[in-house]
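Worksheet for the structure shown next.
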Amino acid sequence: MLMNLWGLAILCLLIGLLLSLMIFFRKKKKTTPFFISLIIFFVLLAIFLHGVAFYMHLT
């Protein structure tokens, strides 16, 4: 599977976002808003990755 420059840039941005979220959530207390925001983040990530997989399947 070859990845073009656009896909590689988005992958790097996603990794940076995950690292920054990991640092941000490490400092916060593990409360109900933490788990709600984590679930929302994973749902949005699943939608995004599904779209990327569909796009790569078409090309």
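Read in the UniProt record's numbering, the sequence shown has 50 at position 50, and its numbers run on one by one without any break. By construction, the Cβ of each residue, glycine as well, lies at the ideal position given by its N, Cα and C atoms.
Distance between residue j and residue i (C-alpha atoms, nearest Å)
i	j	result
L14	I36	20 angstroms
A46	L21	16 angstroms
K51	I40	Strictly speaking, residue 51 in this sequence is Gly, with Lys absent from that position. Distance between the alpha carbons of G51 and I40 is about 17 angstroms.
M1	A53	With a pLDDT of 49 at M1, under the threshold of 50, the predicted position of this residue should be treated as unreliable, though the coordinate-derived value follows. About 11 angstroms.
residue 62	F42	Because the chain here runs from 1 to 59, residue 62 falls outside it and cannot be looked at.
W6	C12	10 angstroms
Residue i, buried or exposed, once every other Cβ within 10 Å from all chains shown has been counted against 16
i	result
L44	exposed
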